[in-house]
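Residue numbers (this note's numbering): 4 to 99. Built from N, CA and C at the ideal position, the CB exists for glycine as well.
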């Protein structure tokens, strides 16, 4: 397995993990009062935006030729990091 393939697989696994976390947050949003539910869904919408960006970067990585993937990797890593931070922030808001 090449470095690129390994990185793509690692990022895909992380996105799958985060999809499950977003699903948990959506389920939690359904179990709260109407006011809180609106706030939850606002946070979830932001998470989904970050998720879409990370997914887009993953697609770019998969289609990049030769060494170009290394240039794209930095953007993918930033998108991945942003999603991870947004999830942490959302969970902390939901638990407060």
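Local Cβ density within 10 Å of residue 41, reported as buried at 16 or more and exposed below that: By the neighbour-count definition (other C-beta atoms within 10 Å, threshold 16), residue 41 is an exposed residue.
Beta-carbon proximity check, residue 44 vs residue 89, cutoff 7 Å: Taking 7 Å as the Cβ cut-off, residue 44 and residue 89 do not qualify as a contacting pair.
Rounded to the nearest angstrom, how far is the Cβ of residue 50 from that of residue 93, given a contact under 8 Å? 6 Å between Cβ atoms; contact.
C-beta contact flag for residue 83 and residue 57 at 7 Å: For the 7 Å CB-CB criterion, residue 83 and residue 57 form a contact.
Would you mind working out which of 4, 5, 87 and 14 sits nearest residue 61, comparing C-alpha positions? Closest option to residue 61, Cα to Cα, is 14.
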